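Scroll down for the structure; my scribbles are underneath it.
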Amino acid sequence: MNKPLKIGIAGLGTVGAGVVKLLAEHGRLLSLRGGRPLKLVAVSARSKTKKRDIDLSGVRWEKDPLALATASDIDVVVELIGGSGGTARRLVQSALRSGKHVVTANKALLAMHGADLAALAEKRGSILAFEAAVAGGIPIIKALREGLVGNRVSRLYGILNGTCNYILTTMRETGRDFDVVLKEAQAAGYAEADPSFDVDGIDAAHKLAVLTGAAFGARVNFEGIHVEGIRRVTSMDIEFAEELGYRIKLLGLARETRFGIEQRVHPCMVPLSAPIAHIEGVFNAVAIEGDFVGKTMFQGRGAGQGPTASAVIADIVDVARGRHMPAFVVPAARLADRPAAPMDRHQGAYYMRLMVQDRPGVIAAVSGALAKERISLESMLQRGRSQSGEVPVVLTTHETEERAMQHAIARIAKLGAVAEPPCLIRIESF
Ligand SMILES: NC(=O)c1ccc[n+]([C@@H]2O[C@H](COP(=O)([O-])OP(=O)(O)OC[C@H]3O[C@@H](n4cnc5c(N)ncnc54)[C@H](OP(=O)(O)O)[C@@H]3O)[C@@H](O)[C@H]2O)c1
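Counting from 1, position 155 in the sequence shown corresponds to residue 160 in my numbering; the numbering is continuous, with no gaps.
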């Protein structure tokens, strides 16, 4: 029998416990697939006494997770603590410096320090693998490193946050508003007590930054991402979207433009004819467009113990087999320092909803503000009279530039008859 691959795991929460369970349950199968036994040698977490529902007999407990990085009997350190800095970062750096392979699910760490960690890994001849960091159980990093490696990627987009997709799906299905559905999602365990990372788009942006790096061979650039979350999406907009043939999704998108790589995370109007419009609930999806392959889409569970552990194990089996590519597909020293395309140069169509006083001349004033910026209207929906005297008016535009739209919105918001800040949602075409 070949020498076992000796594993140290830091972090025994949702993902770490899942990895321990999977290793135990599929041990024999994995040793065949990996070409050698996968042996869990040591673990570390904050509390040794916490009840975890996993069997750790015969496994060494390290009080300090950093000890895993230098232990002579460990080949691969699996970092499942989380966070962009602190212990997780020190552990990954120290393990790579010690010449150990690292597997991590930590998108925040990779979004902030991915390029530097990739360079460190290459310098020491180690593998840095992070399939679980993007879209949980969907093997999208492998797809970019392997199956799609022959392509130049022109665009990628995805539903990268299951919590947001669950909230938007439930809002549509029940007609309830964001705050109510968020509370229910928290009670059901689909949203964190502090939901801001998810609902403000940060988590999706972390994953987009990593994906963009791997797809475009560029240094990971989290700061270059335009990020908006879903807090301002109302059930009224979701209803109008359906009426117009769209579904509202929080997407992460990246594409090549003449100004650089455009990366953005925000709610989008997605045509119902696009497959990604029908990815519902906690599911994630990632679409990659390549010059030779054309359009591809991958879907599956983007989080949770089983799917995430499945992705971590895929990386561990690669390490066991000695199978690897540079972390971001091209060598770290050759990762391009591409400029971030400024958001105000974004080209696209827009949905705008206004709440206006129902009186003559309002529509003419709104149309005038758009015409001044040379924005042409595609459609307009107006609802009948309301008790309060304010009625929704919904406009969609043809393709225009973001800065023209922002100038027009600023003018429209100042009109006396416009009751609240206009709601603007970008329309995507696929
Ligand atoms: N949960 C998911 O579905 C999912 C999906 C994809 C990626 N990820 C990523 O996977 C990583 C882990 O997520 P998770 O959901 O498993 O987190 P979690 O349930 O909060 O578990 C974190 C674990 O890290 C341990 N820990 C925290 N600080 C530590 C420290 N300073 N020293 C040693 N151990 C420490 C905790 O110890 P105690 O148990 O003793 O408190 C716990 O076992 C994160 O990077 C996350 O973004 C998670």
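C-beta: ideal position from N, C-alpha, C; glycine also.
Model, not experiment: these values are computed from the prediction.
{"Asked": "Distance, Cα to Cα, R177 vs I281?", "Found": "16 Å"}
{"Asked": "For the structure I just gave you, are there three or more beta carbon pairs, one from the stretch 84-104 and one from the stretch 124-135, closer than 8 Å?", "Found": "yes"}
{"Asked": "Given a cut-off of 7 Å on the beta-carbon distance, is the pair F135 and L153 in contact?", "Found": "no"}
{"Asked": "Would you check whether ligand 1 has a heavy atom nearer than 6 Å to the C-beta of S159?", "Found": "no"}
{"Asked": "Label T179 either buried or exposed according to how many other C-beta atoms from any shown protein chain fall within 10 Å of its C-beta, with 16 as the threshold for buried.", "Found": "exposed"}
{"Asked": "By DSSP's criteria, G257 is part of a beta bridge. Which residues make up the other side?", "Found": "G163, V270"}
{"Asked": "Apart from the five residues on each side of it in sequence, which residues of its chain come closer than 7 Å, Cβ to Cβ, to R364?", "Found": "A422"}
{"Asked": "Can we count T54 as close to ligand 1, meaning its CB is less than 6 Å from some heavy atom?", "Found": "no"}
{"Asked": "Could you check if D60 is buried or exposed, using at least 16 other CB atoms within 10 Å of its CB as the buried criterion?", "Found": "exposed"}
{"Asked": "With a threshold of 6 Å (Cβ to nearest heavy atom), would T92 be considered close to ligand 1?", "Found": "yes"}
{"Asked": "Closer than 8 Å is the cut-off here; do at least three beta carbon pairs connect the stretch 187-200 with the stretch 323-333?", "Found": "no"}
{"Asked": "Would you call P200 buried or exposed, if buried means 16 or more other Cβ atoms sit within 10 Å of its Cβ?", "Found": "buried"}
{"Asked": "Hey, M357 and L429: beta-carbon distance below 7 Å or not?", "Found": "yes"}
{"Asked": "So, is V25 buried or exposed, given that buried needs 16 or more other C-beta atoms within 10 angstroms?", "Found": "buried"}
{"Asked": "Quick check: does the Cβ of V20 come within less than 6 Å of any heavy atom belonging to ligand 1?", "Found": "yes"}
{"Asked": "Checking 7 Å against the spacing of the C-beta atoms, do V436 and G234 come in under that value?", "Found": "Because residue 436 is not part of the residues shown, which for the chain are 6 to 435, the question remains open."}
{"Asked": "Should the stretch 81-93 be called in touch with the stretch 288-298, which here means at least 3 C-beta pairs below 8 Å?", "Found": "no"}
{"Asked": "Check whether the stretch 260-280 touches the stretch 413-421, counting contact only when three or more Cβ pairs, one atom from each stretch, lie closer than 8 Å.", "Found": "no"}
{"Asked": "Please tell me whether, using a cut-off of 6 Å, the distance from the CB of I172 to the nearest non-hydrogen atom of ligand 1 is below it.", "Found": "no"}
{"Asked": "Taking only the alpha-carbon atoms, compute the straight-line gap between A354 and R95 and give it to the nearest angstrom.", "Found": "44 Å"}
{"Asked": "How would you call A338, buried or exposed, if buried means at least 16 neighbouring beta carbons within 10 angstroms?", "Found": "exposed"}
{"Asked": "For V270, which of T217, A279, G23, V186 has the nearest alpha-carbon?", "Found": "T217"}
{"Asked": "Just to confirm, does A110 get its C-beta within under 6 Å of one of the non-hydrogen atoms of ligand 1?", "Found": "yes"}
{"Asked": "Can you check which of these residues, F435, A415, P312, is closest to P426 by C-alpha distance?", "Found": "A415"}
{"Asked": "State yes or no: is the C-beta of A137 nearer than 6 Å to some heavy atom of ligand 1?", "Found": "yes"}
{"Asked": "Suppose only complete runs of 3+ residues qualify. What are the beta strand (DSSP E) ranges in the stretch 171-243, listed by chain order?", "Found": "230-232"}
{"Asked": "Using 6 Å as the cut-off, classify the Cβ of G306 as near or not near the heavy atoms of ligand 1, replying yes or no.", "Found": "In the sequence as presented, Gly is not what sits at residue 306; that position holds Arg. Result no, Cβ not under 6 Å from ligand 1."}
{"Asked": "When we look at the beta-carbon of L122 and count the other beta-carbons within 10 Å, is it buried (16 or more) or exposed?", "Found": "buried"}
{"Asked": "Compare the beta carbon distance of E383 and C273 with 7 Å and say whether it is the shorter of the two.", "Found": "no"}
{"Asked": "Would you say A50 touches ligand 1, meaning its beta carbon is less than 6 Å from a heavy atom?", "Found": "yes"}
{"Asked": "For T402, does the three-state DSSP call read helix, strand or coil?", "Found": "strand"}
{"Asked": "Please find out if some non-hydrogen atom of ligand 1 comes closer than 6 Å to the beta-carbon of L96.", "Found": "no"}
{"Asked": "Starting from the N-terminal side, write out each stretch of the beta strand (DSSP E) that is 3 residues or longer and does not extend beyond the stretch 100-168.", "Found": "106-109, 158-164"}
{"Asked": "Taking DSSP as the reference, what is the three-state secondary structure of V396?", "Found": "strand"}
{"Asked": "So what's L375 in DSSP terms, helix, strand or just coil?", "Found": "helix"}
{"Asked": "Using DSSP's beta-bridge definition, name the partner residues of G305.", "Found": "N289"}
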